[in-house]
Amino acid sequence: MGIAINRQIRKGDKRAARDRRHLRVRKKVTGTAERPRLVVTRSLRHMVVQVVDDATGRTLASATSMEADLRSLDGDKTAKARRVGELVADRAKAAGVEAVVFDRGGNQYHGRVAAVAEGAREGGLKL
Numbered sequence: 001m002g003i004a005i006n007r008q009i010r011k012g013d014k015r016a017a018r019d020r021r022h023l024r025v026r027k028k029v030t031g032t033a034e035r036p037r038l039v040v041t042r043s044l045r046h047m048v049v050q051v052v053d054d055a056t057g058r059t060l061a062s063a064t065s066m067e068a069d070l071r072s073l074d075g076d077k078t079a080k081a082r083r084v085g086e087l088v089a090d091r092a093k094a095a096g097v098e099a100v101v102f103d104r105g106g107n108q109y110h111g112r113v114a115a116v117a118e119g120a121r122e123g124g125l126k127l
């Protein structure tokens with residue numbers, strides 16, 4: 001006789017699950033000089049995106065939704081995330097980067113994380 005137990009998921013459990021997913025992704029995804037890593041960091045309010053060369057440990061380009069021109073942008077958080085993706089693509093192309101590997105940071109490829117990737121593709125980066 002199976003009894004279903006309702007277990008409340010605590011915040012620490014969610015964080016631990018995301019950390020496990022992130023480690024699983026990072027085992028496979030590394031950035032090189034030819035194809036650096038596009039790192040997405042998502043908080044409840046903002047998005048931070050960086051293009052990182054893991055061989056040298058340098059950030060080649062970055063963009064965030066906290067920049068002044070993006071803070072004044074009208075629209076929801078997903079629209080701002082898409083604009084952050086376009087902005088980081090422009091900056092990466094200016095730094096000589098054409099193709100990147102996408103590191104979703106343990107987050108689901110959904111919503112704002114997917115919007116960043118779509119914006120980067122529209123900006124001309126090859127993911």
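Going by the numbering used here, the first residue of the sequence shown is number 1, and it counts up by one from there. For each residue, glycine too, the CB sits at the ideal point set by N, CA and C.
Check whether residue i and residue j have beta carbons under 8 angstroms apart
i          : j           : result
residue 85 : residue 118 : yes
Cα-Cα separation between residue i and residue j, rounded to whole angstroms
i           : j           : result
residue 74  : residue 55  : 38 angstroms
residue 52  : residue 113 : 17 angstroms
residue 115 : residue 106 : 16 angstroms
residue 23  : residue 69  : 33 angstroms
residue 108 : residue 17  : 12 angstroms
residue 44  : residue 71  : 15 angstroms
residue 21  : residue 29  : 12 angstroms
residue 15  : residue 25  : 15 angstroms
Residue environment, residue i, which counts as buried when at least 16 other CB atoms sit within 10 Å
i           : result
residue 50  : buried
residue 1   : At residue 1 the pLDDT is 45, less than 50, meaning the model places this residue with poor confidence and gives no usable figure here.
residue 124 : exposed
Backbone secondary structure at residue i - three-state DSSP
i           : result
residue 1   : Bear in mind that a pLDDT of 45 at residue 1, under 50, signals an unreliable position, so the number given afterwards is only what the model happens to contain. Residue 1 falls in the coil class under three-state DSSP.
residue 70  : helix
residue 114 : helix
Next on the checklist: Using a Cβ distance threshold of 8 angstroms, determine whether the segment 33 to 48 contacts the segment 85 to 103, with at least three qualifying pairs required.
Outcome noted: Output reads yes: the segment 85 to 103 touches the segment 33 to 48.
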